[in-house]
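Chemist: Read top to bottom, the protein sequences are chains V and R.
At position 170 of the first sequence the residue is numbered 170 (the UniProt record's numbering), and the sequence of numbers has no breaks.
At position 126 of the second sequence the residue is numbered 126 (the UniProt record's numbering), and the sequence of numbers has no breaks.
Think of the CB as a built atom: it goes at the ideal place given N, C-alpha and C, for glycine as much as any other residue.
Computed from a predicted structure; not experimentally measured.
Below is a structure I'd like to ask you about.
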Amino acid sequence: MTTTTPLTSTARVDPQLSAIAAGFSRRRFLVLGGAGLALAACGGGNSPAGQPGAPDTGSGGADYTGPAVTLSFWNGFTGGDGDVIKKIVNEFNAAKPNVKVEMNIYQWADFFTKLPAAVSTGKGPDVACMHIDDIPTNAARNVIVPIDQVASALGLQESDFSPAVWQGGTYKGQRFGIPLDIHPLAMYWNKDVLDKAGIDAEKPPTNRSDYESVLAELKGKDTQGFWVSPFQFTGAFTYMSLLWQFGGDAFDAGVTKATFDSPQAVEALQWMVGMVDQGYSPKNVGQDADYIAFKNSKNAFNWNGIWQINDLKAQNKINWGVGPVPQIGSQQGVWGNSHQFVQLRQTKPDQNKVDATRYFINWVSQKSAEWATSGKIPAKKSVAESPEFKALKEEYSLAPEAAYVHFPPAVAGIGDALTELYNAVNSAVLGKASPQQALSDSAKRATQILQDNLKKYGA
Amino acid sequence: MAVTAETRVGGAAAPVAAARRSRRASAPRTGRRSRPLTAYLFLAPYLILFLGFIVAPAVFGIWISLHDYDFVLPFKPWVGLANYVDLFTPGSRDFADFWQSMGATGIFTGLSVPCLVVLPLGIAVLLNRKFPGRTFFRAVFFLPYVLGVAVIGLLFRYLLDPNVGVVNYLLGSSIPWTTDLPWVWVSLVGMTVWWTLGFNATIYLAGLTDIPRELYEAAEMDGANRGQQFWNVTLPGLRPVLVFVVTTTILASANMFGQQLLLTHGAPGTSTRTVIGYIATEGLGSFRMGAAAAMSYVLAVALLILSLIIFRVFRDRQDES
Numbered sequence: 001m002t003t004t005t006p007l008t009s010t011a012r013v014d015p016q017l018s019a020i021a022a023g024f025s026r027r028r029f030l031v032l033g034g035a036g037l038a039l040a041a042c043g044g045g046n047s048p049a050g051q052p053g054a055p056d057t058g059s060g061g062a063d064y065t066g067p068a069v070t071l072s073f074w075n076g077f078t079g080g081d082g083d084v085i086k087k088i089v090n091e092f093n094a095a096k097p098n099v100k101v102e103m104n105i106y107q108w109a110d111f112f113t114k115l116p117a118a119v120s121t122g123k124g125p126d127v128a129c130m131h132i133d134d135i136p137t138n139a140a141r142n143v144i145v146p147i148d149q150v151a152s153a154l155g156l157q158e159s160d161f162s163p164a165v166w167q168g169g170t171y172k173g174q175r176f177g178i179p180l181d182i183h184p185l186a187m188y189w190n191k192d193v194l195d196k197a198g199i200d201a202e203k204p205p206t207n208r209s210d211y212e213s214v215l216a217e218l219k220g221k222d223t224q225g226f227w228v229s230p231f232q233f234t235g236a237f238t239y240m241s242l243l244w245q246f247g248g249d250a251f252d253a254g255v256t257k258a259t260f261d262s263p264q265a266v267e268a269l270q271w272m273v274g275m276v277d278q279g280y281s282p283k284n285v286g287q288d289a290d291y292i293a294f295k296n297s298k299n300a301f302n303w304n305g306i307w308q309i310n311d312l313k314a315q316n317k318i319n320w321g322v323g324p325v326p327q328i329g330s331q332q333g334v335w336g337n338s339h340q341f342v343q344l345r346q347t348k349p350d351q352n353k354v355d356a357t358r359y360f361i362n363w364v365s366q367k368s369a370e371w372a373t374s375g376k377i378p379a380k381k382s383v384a385e386s387p388e389f390k391a392l393k394e395e396y397s398l399a400p401e402a403a404y405v406h407f408p409p410a411v412a413g414i415g416d417a418l419t420e421l422y423n424a425v426n427s428a429v430l431g432k433a434s435p436q437q438a439l440s441d442s443a444k445r446a447t448q449i450l451q452d453n454l455k456k457y458g459a
Numbered sequence: 001m002a003v004t005a006e007t008r009v010g011g012a013a014a015p016v017a018a019a020r021r022s023r024r025a026s027a028p029r030t031g032r033r034s035r036p037l038t039a040y041l042f043l044a045p046y047l048i049l050f051l052g053f054i055v056a057p058a059v060f061g062i063w064i065s066l067h068d069y070d071f072v073l074p075f076k077p078w079v080g081l082a083n084y085v086d087l088f089t090p091g092s093r094d095f096a097d098f099w100q101s102m103g104a105t106g107i108f109t110g111l112s113v114p115c116l117v118v119l120p121l122g123i124a125v126l127l128n129r130k131f132p133g134r135t136f137f138r139a140v141f142f143l144p145y146v147l148g149v150a151v152i153g154l155l156f157r158y159l160l161d162p163n164v165g166v167v168n169y170l171l172g173s174s175i176p177w178t179t180d181l182p183w184v185w186v187s188l189v190g191m192t193v194w195w196t197l198g199f200n201a202t203i204y205l206a207g208l209t210d211i212p213r214e215l216y217e218a219a220e221m222d223g224a225n226r227g228q229q230f231w232n233v234t235l236p237g238l239r240p241v242l243v244f245v246v247t248t249t250i251l252a253s254a255n256m257f258g259q260q261l262l263l264t265h266g267a268p269g270t271s272t273r274t275v276i277g278y279i280a281t282e283g284l285g286s287f288r289m290g291a292a293a294a295m296s297y298v299l300a301v302a303l304l305i306l307s308l309i310i311f312r313v314f315r316d317r318q319d320e321s
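The structure is reproduced here in structure tokens:
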């Protein structure tokens, strides 16, 4: 769901959908007809879910000494992180002559439409990166295979990571993902705007009362300080952070029921809508407008992904700072996501390739401090506390968030239910429905979707 | 007079010919003895593509719509007509969303088709006159059409942004072009008209150049003024083209998707989520391909009925004249 591409807005909509938008022009729809659409992506072979593409007989990735192989590696790092991963892959290819990695970078959009079809026709890559909440869906849909053995061969265990990032890589008791990074929401502040208003730009607000009083002060100087987006980027991420801060959660413990209509959840959305009602945010903030306004000194605060750090570094129009999102509710909490390595199911498994893939995952995992330069927090605690990472001033300032970051729950088909939450945020922030009404309606639908998915993918 | 014009509009551009094909097919065959094999051989290249990429998937789609279908899962339970029944059962998972999105598509089609039928006709009539720079202007009007929906969507999102957009800046207003009703429809229809009017104008132009000059000369001799010439020579001469333009524009509008995805993302709430948008979300986002296929068929049948009505209306008009 996340993109690391600042402001390439096509990448910021639902991955599957924007691929379709790009691929199908109006007239091509005409040719295909409405009916053709659902068929376009169909066909292909099957094998039972949950079975590894090859037996776990290799070394698990500690080393690879077999014959020369070429691996195919897919990911969606289209932003500045693409350059970083290219560099890492080149280093790998130079260091390990008997394994050649060929990388394909797709828009996340194209990635998630291409991948299942490619895998089921035997043309899938050997290794890929995907988000933590995509793992259960792809595991349930038999696109990726378990890699418990890699984790054990690499000696990885839960205590090496924050629990959420470690547990998120599993599905039905099996490990499918090796965590690479964490990318949480952060708060950016425009130092120029704060300076001009006579507010200390080196001491940004960290709690509710400070935050609200700074916004009131800014309003007194004709600046709407905190533009609230009604869209997934960044409104829904902001809302989910608040939801956890106010003590609510999007779903119940078993993820069988949507709970984002709870009193805490409503309170969180009321606070967000209150920003608009009190004039701290304009009405009708368009897609990306919150961030565009931030970069043009029209507002002071923007809650946005850690991945925007490099985009802001690349400009010299504004002076800015970045830090953890302030604590508005009764506890700390922030939305985040995580990139994880996965191994793809092969119709004709090749044990050498499987072993080489595991070695590659292992090797890149060691390089996660270098990967962090693309605007990420390393998933591994030891790397996150390394001098290399501490040297990345901006990214390191967000490291505390790793302790209380929440990921979307790791349940197959969770994206379908989250869409309902995004719609509720949209309706409420745009003033089309009260927070209570919007959340109740959406939660009812989301619960129905969760129930359907339970039936489809099995509990 | 009108009838004469009608019979003369023969060798227009390919799409026009396509529009007339059905009528021609029913005309009695004359000339050489027919050798069916030869005809089929000539048809073969297209026929193979048509069967392989249109007919076969369409039939397969019916099969899909009768299952709880996900192409990567080994177990695809047969559900019979349940996917269709759900669409007509209030309270089912898809009922409210599906019909809301059908409504959104209906609004868009109802608003955009009249604009896309009338405006391009006016432009085509203007561009059909002889004036310096005519070719330039023809190109200018067609130009937006060559752009992809992603380009158009992004371009208009920045132009029309309620708070940081160029349009509101120039107007000194704060109109919620991309976030509130009814403005979202104005934006979506406006940008689509700007984007695709060149296509329809080009079809009209092809039709216009095919109307014989003599008819206008004769009309002038009879004392018809410009307006009368337009109503009695131009419009009847364009009738087959008009059927084509109306039908294809309705189908294209009913399949609108990219614009709403990029410009409004369905906002406010899901008000501007079109039916293709919903089908795509359910079929390719939630992998509910059975339900999505059923929705596609309901939409396809609705469009089929609409197309039949249009053909009927135009045929009745023709019979009257």
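Does L154/V get closer than 7 Å to chain R when you measure Cβ to Cβ?
Modeler: Cβ-Cβ to chain R under 7 Å: no for L154/V.
Chemist: Shortest alpha-carbon distance to A294/R belongs to which of G52/R, V79/R, A56/R, I54/R?
Modeler: Considering only alpha carbons, the answer is V79/R.
Chemist: Quick check on DSSP: helix, strand or coil for A39/R?
Modeler: Reduced to three states, the DSSP call for A39/R is helix.
Chemist: V89/V and V228/V - do their beta-carbons sit closer together than 7 Å?
Modeler: Cβ atoms of V228/V and V89/V: not closer than 7 Å.
Chemist: When we look at the beta-carbon of P204/V and count the other beta-carbons within 10 Å, is it buried (16 or more) or exposed?
Modeler: Result: buried.
Chemist: Among H67/R, T234/R, L197/R, which residue has its Cα nearest to the Cα of R213/R?
Modeler: Comparing Cα-Cα distances from R213/R to each of H67/R, T234/R, L197/R, the minimum goes to T234/R.
Chemist: Give a yes or no on whether 7 Å exceeds the smallest Cβ distance from K381/V to chain R.
Modeler: With 7 Å as the cut-off, K381/V does not count as an interface residue toward chain R.
Chemist: Determine, using beta carbons only, whether R93/R comes closer than 7 Å to chain V.
Modeler: Judged by the 7 Å Cβ criterion, R93/R is in contact with chain V.
Chemist: In three-state DSSP terms, what is A21/V?
Modeler: Its pLDDT being 45, under 50, A21/V is placed unreliably by the model, and nothing is read from it.
Chemist: So which residues of chain R does G415/V contact, with C-beta pairs closer than 8 Å?
Modeler: Neighbours of G415/V on chain R, chain order: G285, S286.
Chemist: Note down the Cα distance separating G133/R from A206/R, rounded to an integer number of angstroms.
Modeler: Computed Cα separation, rounded: 18 Å.
Chemist: A186/V and V322/V: beta carbons closer than 7 Å?
Modeler: Taking 7 Å as the Cβ cut-off, A186/V and V322/V qualify as a contacting pair.
Chemist: Whole angstroms is fine: what's the gap from F88/R's alpha carbon to Y188/V's?
Modeler: When rounded, the distance between both Cα atoms is 48 Å.
Chemist: Note down, in chain order, all residues in the segment 151 to 170 of chain R with a beta-carbon under 9 Å from any beta-carbon belonging to chain V.
Modeler: Listed by position along the chain: G153, L154, R157, Y158, L160, D161, P162, N163, V164, G165.
Chemist: Rounded to whole angstroms, what's the CA-CA distance from G305/V to Y69/R? Just pull it up for me.
Modeler: Roughly 36 Å separates the two Cα atoms.
Chemist: Based on Cα-Cα distance, which residue from I310/R, G269/R, I305/R lies nearest to S101/R?
Modeler: Closest option to S101/R, Cα to Cα, is G269/R.
Chemist: What did DSSP end up calling V145/V once you bin it into helix, strand or coil?
Modeler: The answer is strand: DSSP assigns V145/V an E or B state.
Chemist: Does the Cβ-Cβ distance between W447/V and K257/V come in under 7 Å?
Modeler: The amino acid at residue 447/V is misidentified as Trp; the sequence shows Thr. Yes, Cβ-Cβ distance for T447/V and K257/V is below 7 Å.
Chemist: The beta strand (DSSP E) that contains S72/V, what's its start and end?
Modeler: From DSSP, the beta strand (DSSP E) with S72/V extends over 69 to 75.
Chemist: Please list the residues of the segment 263 to 277 of chain R that have a C-beta atom closer than 7 Å to any C-beta atom in chain V, keeping them in chain order.
Modeler: Flagged, chain order: H265, A267, P268, G269, T270, I276.
Chemist: By the three-class DSSP mapping on this structure, what secondary structure does R445/V have?
Modeler: R445/V: helix per DSSP, three-state reduction.
Chemist: Starting from G336/V and walking both ways along the beta strand (DSSP E), at which residues does that stretch end?
Modeler: Run containing G336/V: 334 to 337, per the beta strand (DSSP E) assignment.
Chemist: Roughly how many angstroms separate the alpha carbons of L242/R and V313/R, rounded to a whole number?
Modeler: Whole-angstrom Cα-Cα distance: 12 Å.
Chemist: Could you name the residues of the same chain whose beta carbon sits closer than 6 Å to that of D252/V, not counting the 5 residues immediately before and after it, in chain order?
Modeler: Excluding positions up to five away in sequence, the list reads T259.
Chemist: Where does T223/V fall in DSSP's three states?
Modeler: Three-state result, T223/V: coil.
Chemist: In chain order, which continuous runs of the alpha helix (DSSP H) of length 4 or greater are located wholly inside the segment 226 to 283 of chain V?
Modeler: Segments of the alpha helix (DSSP H) lying fully in the segment 226 to 283 of chain V: 237 to 245, 263 to 277.
Chemist: Since I believe Y280/V is in contact with F226/V (beta carbons under 8 Å), could you give me their beta-carbon distance rounded to a whole number of angstroms?
Modeler: Right, their Cβ atoms sit about 5 Å apart.
Chemist: Can you list, in chain order, the stretches of the beta strand (DSSP E) that have 3 or more residues and sit fully within the segment 120 to 200 of chain V?
Modeler: Here the runs fully enclosed are 127 to 131, 181 to 190.
Chemist: How is F199/R classed by DSSP in three states: helix, strand or coil?
Modeler: Reduced to three states, the DSSP call for F199/R is helix.
Chemist: Classify A267/R: buried if its beta carbon has 16 or more other beta carbons within 10 angstroms, exposed otherwise.
Modeler: By the 10 Å Cβ count, A267/R comes out buried.
Chemist: Who are the Cβ neighbours of G61/R in its own chain at under 8 Å, not counting the five residues just before and after it?
Modeler: The answer, listed in chain order, is A293, S296, Y297.
Chemist: When you compare the CB of S442/V with every CB in chain R, is at least one pair closer than 7 Å?
Modeler: No, no contact with chain R.
Chemist: Determine, using beta carbons only, whether I292/V comes closer than 7 Å to chain R.
Modeler: Cβ-Cβ to chain R under 7 Å: yes for I292/V.
Chemist: So that I know if they touch, is there some Cβ in chain V lying closer than 7 Å to that of T179/R?
Modeler: Yes, contact with chain V.
Chemist: To be precise: take each residue of the segment 229 to 254 of chain V, compare its Cβ to all Cβ atoms of chain R, and keep it if any distance is under 9 Å. Which residues remain?
Modeler: Hits within the stretch, in order: P230, F231, Q232.
Chemist: Do N423/V and H183/V have their CB atoms nearer than 7 Å?
Modeler: No; because the gap between Cβ atoms is not below 7 Å, this pair is not in contact.
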